[in-house]
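Engineer: Going by this note's numbering, the first residue of the sequence shown is number 419, and it counts up by one from there. Every residue gets a Cβ at the ideal spot worked out from N, C-alpha and C, and that includes glycine. As the structure is a prediction and not an experimental result, all values here were calculated from the model.
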Amino acid sequence: MSSSLENLGTENRKFPPTPEFAAAANAKADMYVEAKADRLAFWEKQAHALHWDKPWTQVLDWKRPFAKWFIGGRLNASYNCLDRHVIEGRGDRVAFIFEGEPGDSRTYTYAQLLIEVKKTANALIELGVKDGDRVAIYMPMIPEAAIAMLACARIGAPHSVVFGGFSADALLSRIQDADAKIVITADGGYRKGSANALKPAVDDALKGETNVKYVLVVKRTGQNVEWNAERDVWWHEIVERQSAEHTAESFDSEHGLFILYTSGTTAKPKGIYHTTGGYLTQAAFTHKNVFDLKPETDVYWCTADVGWITGHSYVVYGPLINGATQVIYEGTPDSPTKGRIFEIVEKYGVTILYTAPTLIRTWMKWGDEFPNASDLSSLRLLGSVGEPINPEAWMWYREVIGGNRCPIVDTWWQTETGAIMISPLPGVTATKPGSAMGAIPGISAAVIDDNANVVGNGGGGYLALTQPWPSMLRGIWGEPERYQETYWSRYDEAGYYFAGDGAKLDDDGAIWLLGRVDDVMNVSGHRISTTEVESALVSHVAVAEAAVVGANDAMTGQAIAAFVILRGGIPNVGGEELIQELRNHVAKEIGPIAKPKQILVVAELPKTRSGKIMRRLLRDVAENRAVGDSTTLADPNVMKLIQAGLNAGSSED
Ligand code: PRX
């Protein structure tokens, strides 16, 4: 747990909703009471918000750790996101307002989006995709990314979206693990003012052994691409000539909707597997009630990329089911100016903004002049996700972005949970800066100690989820034992889900999330495992051994610090060139987001007598702190050696 968060939970400021907001809010206090009285009946009621082709006969089947929700029910995710709105007369409502980084924009009404999704579904069928086949999606943040996901959902082919910032190697391992049959990509996308190629990474990845038959390529930038005529198909060529008719089939409530890979505590990412009925129920319910969505009047904007779970639940499925009008933006927040996000808020009159603390802290650093230069008075609610938000950033978000007017919802959840679990309800909860407050109605969370005893107010421990929930992961793709082991073995007796986060209850019982307690780092709201980076480093010829830790970083939450031992005989020990090469090597193996900020060349790593690396001590070094108790080290001199050698290291350019 990071030391800068130790003071959390001593906050006395409280921000209750204004009476006007509370009176008009979608969710009222009685929702907690109702859910508590009968949790399953409560979720059943929320599931009725979806269109089911066939009703379920049982709400929950729970054979720990395997859950099934709304058993026997049948539905189609894409029908719920699109057809339904058109049939019920909302076809002319804008679904997506797309803003490209170069300044181009497009809008899609629900009726138009439905036509595109139907045509794309027909194109996938022509390419031989059948229900149950996996489709890899590796795209920039353009409307076609969502269209591709919805087309897959429409024909029952689970998608596996791989973030466009991941490398060819990372893409290959994900394609292989899910055994994807087809890859949907683009020539490139615009980032930081220029065209950023994506297709070459797909070409590289497919040099590996896969069962991929076709690559469907969206032309976004028009840049040159290599073309494999047998395998590659232009999106515009195949999609445009398809029929705009396609009847959505109904699938079982437990039919696979998607796989999304996330970092775990080993080098191999986990394919988090989500199904349809329960996932959609909770995504839609939370989107409507946590963000207080009024679909007729709100303009909602979640800045997440579809490559992450936030982009799945709160760009694609939740908002579309609720008939939201939303902004999607392709590029980076500083392109062409540091005021870009605020200009877009003003341009489209955004009312609800959902983003990550790392961006909020970056805005703070850039200066108030950027938000102040735009009219942000359309905003009425702000959300935060991905990492703990420090009280200073929370207050700045409230004052400078929200004009002291907008409630803030700090939402805790994970790829595994599928949807928001802990959050204020904006019309009910008196929020505290930096706290996610409490479990939402229908969700049971607890802070527990090592023995699974619930801690009292004022106590600290680990966050556990004590009851199954509709949008929970159904497993790790192809690895049932790993699923049991990772999440359910730690509190086997109590039967709780282990979230991997430290947490604290304050004197009022509000929950404060303190960061990961396992070997997972959180860099700019993205999960990266220490072992994944370590194995990337040791795959370089120069590296004999590596240890990686997440060090506190004022901007990115955590930053990656690597300690490496070079192989004997490697020249240029600790030289800047080699350090750069190692950093680039990690970017090539995993992606630029995993590039270590610091790499220190050391002669030894601090290990216990049983050979376990003492990361705590390395974290002390990386955070420039006095090194803590090192008496259990096999060789007590190691830390002195490491500190003496610090000058050999280097920091990010
Ligand atoms: O450590 C918690 C942190 O992000 C982890 C989940 O990461 P991921 O699966 O990538 O999903 C991120 C988006 C939902 C959690 O285990 N985390 C997420 N939201 C918060 C948070 N930590 C503190 N406060 C949050 N609001």
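Under the criterion of a Cβ to heavy atom distance below 7 Å, does Ser802 qualify as lining ligand 1?
Structural biologist: Against the sequence shown, residue 802 aligns to sequence position 384. Relative to the non-hydrogen atoms of ligand 1, the Cβ of Ser802 comes within a distance shorter than 7 Å of at least one.
Engineer: With H, G and I counted as helix, E and B as strand and the rest as coil, what does DSSP make of Glu911?
Structural biologist: Stepping through the sequence shown from its first residue, residue 911 is reached at position 493. Note: Glu911 maps to coil in three-state DSSP.
Engineer: Check whether the stretch 948-957 touches the stretch 676-687, taking contact to mean three or more Cβ pairs, one atom from each stretch, closer than 8 Å.
Structural biologist: Between the stretch 948-957 and the stretch 676-687 there are three or more C-beta pairs closer than 8 Å, enough to call the two in contact.
Engineer: Given this structure, state the Cα-to-Cα distance separating Thr665 from Ile929, to the nearest angstrom.
Structural biologist: Sequence index remark: in the sequence shown, residue 665 carries index 247 (1-based). Sequence index remark: in the sequence shown, residue 929 carries index 511 (1-based). Answer to the nearest angstrom: the Cα atoms are 45 Å apart.
Engineer: If you draw a straight line from the C-alpha of Lys625 to the C-alpha of Val643, how long is it?
Structural biologist: In the sequence shown, counting from the first residue as 1, residue 625 sits at position 207. In the sequence shown, counting from the first residue as 1, residue 643 sits at position 225. Going from the Cα of Lys625 to the Cα of Val643 covers about 16 Å.
Engineer: Helix, strand or coil: how does DSSP classify Asn430 here?
Structural biologist: As a first step, residue 430 is located in the sequence shown; it is residue number 12 there, counting from the start. Correct three-state label for Asn430: coil.
Engineer: Check whether the Cβ of Ser944 lies closer than 7 Å to any heavy atom of ligand 1, and answer yes or no.
Structural biologist: For the purposes of this step, residue 944 is taken as the residue at position 526 of the sequence shown. It should be pointed out that residue 944 corresponds to His in this sequence rather than to Ser. Answer for His944: yes, Cβ within range of ligand 1.
Engineer: With DSSP as the reference, label His705 as helix, strand or coil.
Structural biologist: Here residue 705 refers to the residue found at position 287 when the sequence shown is read from its first residue. His705 carries a helical assignment under DSSP once its states are collapsed to helix, strand and coil.
Engineer: With the cut-off set at 8 Å, would you say Met559 and Glu748 are in Cβ contact?
Structural biologist: To locate residue 559, count along the sequence shown from 1; it is residue 141. To locate residue 748, count along the sequence shown from 1; it is residue 330. It is a contact, given that the beta carbons lie within the stated cut-off.
Engineer: Kindly list the residues whose CB is nearer than 7 Å to the CB of Gly1009, restricted to its own chain and excluding five residues on each side of it in sequence; keep chain order.
Structural biologist: Counted from its first residue, the sequence shown places residue 1009 at position 591. So the qualifying residues of the chain are Gly583, Phe584, Ser585 and Ala588.
Engineer: From Thr1133 to Ile840, what distance separates their C-alpha atoms?
Structural biologist: This structure leaves residue 1133 out entirely; the chain is present only between 419 and 1071.
Engineer: Tell me the start and end of each unbroken beta strand (DSSP E) in the stretch 496-532 that is at least 3 residues and wholly inside, in chain order.
Structural biologist: You should have 512-517 and 523-527.
Engineer: Pick out whichever of Lys481, Trp480 and His466 has its Cα sitting closest to the Cα of Trp474.
Structural biologist: Your numbering for residue 474 matches position 56 in the sequence shown. Across the set Lys481, Trp480 and His466, the C-alpha of His466 shows the shortest separation from the C-alpha of Trp474.
Engineer: When the distance is taken between beta carbons, is Gly975 closer than 8 Å to Glu805?
Structural biologist: By 1-based counting over the sequence shown, the position of residue 805 is 387. By 1-based counting over the sequence shown, the position of residue 975 is 557. Between Glu805 and Gly975, the C-beta gap is smaller than 8 Å, which places the two residues in contact.
Engineer: Determine whether the Cβ of Gly689 lies closer than 8 Å to any Cβ atom of chain C.
Structural biologist: Although the question refers to chain C, the structure presented lacks it and comprises just one protein chain.
Engineer: Short of 7 Å in beta carbon distance, which residues of its chain neighbour Pro434, apart from the five on each side in sequence? Order them along the chain.
Structural biologist: For the purposes of this step, residue 434 is identified with residue 16 of the sequence shown, where counting begins at 1. Within the same chain, Pro434 has close Cβ partners Ala848.
Engineer: Could you give the residue range of the beta strand (DSSP E) that holds Cys720?
Structural biologist: Position 302 of the sequence shown holds residue 720. Run containing Cys720: Val717 to Cys720, per the beta strand (DSSP E) assignment.
Engineer: Let's test the definition: count the other Cβ atoms within 10 Å of the Cβ of Lys706 and tell me whether it reaches 16, buried, or not, exposed.
Structural biologist: For this step, residue 706 is matched to residue 288 along the sequence shown. It counts as buried.
Engineer: Assuming Val633 is part of the beta strand (DSSP E), what are its boundary residues?
Structural biologist: On the sequence shown, residue 633 is found 215 positions in, with the first residue counted as 1. Run containing Val633: Tyr632 to Val636, per the beta strand (DSSP E) assignment.
Engineer: Under 8 Å, with one C-beta from each stretch per pair, do the stretch 471-489 and the stretch 688-696 reach the 3-pair mark?
Structural biologist: A contact exists between the stretch 471-489 and the stretch 688-696.
Engineer: Nearest to Asn444 by CA position, among Thr704, Ala554 and Asp1038, is which residue?
Structural biologist: Translated into positions along the sequence shown, residue 444 becomes position 26. The option with the nearest alpha carbon to Asn444 is Thr704.
Engineer: Going by DSSP, what residue range makes up the beta strand (DSSP E) through Asp479?
Structural biologist: Your numbering for residue 479 matches position 61 in the sequence shown. Counting along the chain, the beta strand (DSSP E) containing Asp479 begins and ends at Gln476 to Lys481.
Engineer: What three-state label does DSSP hand Leu932 in the structure shown?
Structural biologist: In the sequence shown, the residue the question calls residue 932 occupies position 514. Strand.
Engineer: Check for me: the beta strand (DSSP E) holding Trp781 runs from which residue to which?
Structural biologist: For the purposes of this step, residue 781 is identified with residue 363 of the sequence shown, where counting begins at 1. Per DSSP, Trp781 belongs to no beta strand (DSSP E); it is in the alpha helix (DSSP H), Pro775 to Trp784.
Engineer: Return the CA-CA distance between Pro1024 and Glu999, expressed in angstroms with no decimal places.
Structural biologist: On the sequence shown, residue 1024 is found 606 positions in, with the first residue counted as 1. On the sequence shown, residue 999 is found 581 positions in, with the first residue counted as 1. Cα to Cα, the separation comes out at about 24 Å.
Engineer: Work out the CA separation of Val579 and Ala554 for me, nearest whole Å.
Structural biologist: On the sequence shown, residue 554 is found 136 positions in, with the first residue counted as 1. On the sequence shown, residue 579 is found 161 positions in, with the first residue counted as 1. When rounded, the distance between both Cα atoms is 6 Å.
Engineer: Is any non-hydrogen atom of ligand 1 found closer than 7 Å to the C-beta of Gly933, if you look at the structure I gave you?
Structural biologist: On the sequence shown, position 515 is the one that residue 933 refers to. Yes, ligand 1 has a heavy atom inside 7 Å of this Cβ.
Engineer: Considering only residues of the stretch 947-981, which uninterrupted alpha helix (DSSP H) runs meet the minimum length of 4 residues and lie entirely inside it, listed in chain order?
Structural biologist: 948-956
Engineer: Can you name the start and end residues of the alpha helix (DSSP H) that Phe760 belongs to?
Structural biologist: For the purposes of this step, residue 760 is taken as residue 342 along the sequence shown, with counting starting at 1. Start and end: Arg758 to Tyr766.
Engineer: Under a Cβ-count criterion, where at least 16 other Cβ atoms within 10 Å of its own Cβ denotes burial, should Phe760 be classed as buried or exposed?
Structural biologist: Position 342 of the sequence shown, counted from the start, is the residue given in the question as residue 760. When all chains shown are included, Phe760 counts as buried.
Engineer: How many Å lie between Gly689 and Asp595 at the Cα?
Structural biologist: Taking the first residue of the sequence shown as position 1, residue 689 is located at position 271. Taking the first residue of the sequence shown as position 1, residue 595 is located at position 177. Using only the alpha carbons, I get a separation of about 8 Å.
Engineer: Across which residues does DSSP place Arg892 in a beta bridge pair?
Structural biologist: Residue numbering aside, residue 892 sits at position 474 when the sequence shown is read from its first letter. Per DSSP, none; premise fails for Arg892.
Engineer: Taking the DSSP output, what are the residues bridged to Asp650?
Structural biologist: The count along the sequence shown starts at 1 and reaches residue 650 at position 232. Partner(s): Val633.
Engineer: Are three or more beta carbon pairs between the stretch 528-543 and the stretch 562-570 nearer than 8 Å?
Structural biologist: yes
Engineer: Going by the DSSP bridge assignment, what does Leu1059 pair with across the sheet?
Structural biologist: Counted from its first residue, the sequence shown places residue 1059 at position 641. According to DSSP, Leu1059 bridges with nothing at all.
Engineer: Going by C-alpha to C-alpha distance, which of Val935, Asp924 and Ile997 sits closest to Arg1034?
Structural biologist: Position 616 of the sequence shown holds residue 1034. Closest option to Arg1034, Cα to Cα, is Val935.
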